[in-house]
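*Asks:* One structure coming up, written as structure tokens, with questions to follow.
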Amino acid sequence: MKSLAQNPQFSCCIKEGKQALKSEHKKRVLEGKRRSHKCVQSMDFDACTTELKLMPKQQRWDYFIETGASAGKVLAVEVHPFKPSELRGKRAGTLAILQKHCPDAMADICGWHVIVTGDIRSDLAGRFSAETRIHLHRQLDLSKV
Numbered sequence: 001m002k003s004l005a006q007n008p009q010f011s012c013c014i015k016e017g018k019q020a021l022k023s024e025h026k027k028r029v030l031e032g033k034r035r036s037h038k039c040v041q042s043m044d045f046d047a048c049t050t051e052l053k054l055m056p057k058q059q060r061w062d063y064f065i066e067t068g069a070s071a072g073k074v075l076a077v078e079v080h081p082f083k084p085s086e087l088r089g090k091r092a093g094t095l096a097i098l099q100k101h102c103p104d105a106m107a108d109i110c111g112w113h114v115i116v117t118g119d120i121r122s123d124l125a126g127r128f129s130a131e132t133r134i135h136l137h138r139q140l141d142l143s144k145v
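Numbering (UniProt numbering), first residue to last: 1 to 145.
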């Protein structure tokens, strides 16, 4: 999260622990006992970029999370139904926003994760994850990423 923290537009949006996550989403991000399995910092990227009116028509990912194990790297986390075209669009939109407003942060993203709401079509999920490297979860267990 180092690049985002050094950017004056984004630094005020970074919170300790899971504080930036909406309350209904916090329980879907599981932390382990070790510091390496805990959420150290979080950012509601969607809310922050919407409030700043950065590329308002662009779809975007919900959150960035830094864990104790990630050493400045972030997990991009989206809570969303399994809709492949929308998820691809949200990732592309997020990268476009970062490219324009904080290009160094693109290198900080070490993984793209979706906490899926609703049904997952298993026949599509495996192929989607393999093609996009977007990982699908019911709950995001930080001890396993």
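Heads up, the beta-carbon is just placed ideally off N, CA and C, and yes, glycines get one too.
(1) For E78, count the other beta carbons within 10 Å of its own beta carbon; 16 or more makes it buried, fewer makes it exposed. Which is it?
(2) Taking only the alpha-carbon atoms, compute the straight-line gap between L13 and F45 and give it to the nearest angstrom.
(3) Do you know offhand how far D108's Cα is from R121's?
(4) Going by beta carbon distance, what residues of the same chain come within less than 6 Å of P84, once the five residues before and after it are set aside?
(5) Report, in whole angstroms, the separation of the C-beta atoms of A76 and W112, which I expect to be a contact under 8 Å.
(6) If I134 sits next to V114, beta carbons under 8 Å apart, how far is it from one beta carbon to the other, in whole angstroms?
(7) Is it a yes or a no for the segment 20-39 touching the segment 2-11, going by three-plus beta-carbon pairs under 8 Å?
(8) Give every residue of the same chain whose Cβ lies closer than 8 Å to the Cβ of V145, excluding the five residues on either side of it in the sequence, and list them in chain order.
(9) Which parts of the segment 40-73 are runs of the alpha helix (DSSP H), unbroken and 4 residues or longer, counting only runs that do not cross its ends?
*Replies:* In terms of the structure at hand:
(1) buried
(2) The identity of residue 13 in the sequence shown is Cys, whereas the question assumes Leu. Looking at the two C-alpha atoms, the distance is approximately 8 Å.
(3) 30 Å
(4) F128
(5) 5 Å
(6) 6 Å
(7) no
(8) T67, L75, G111, H113 and H135
(9) 45-51
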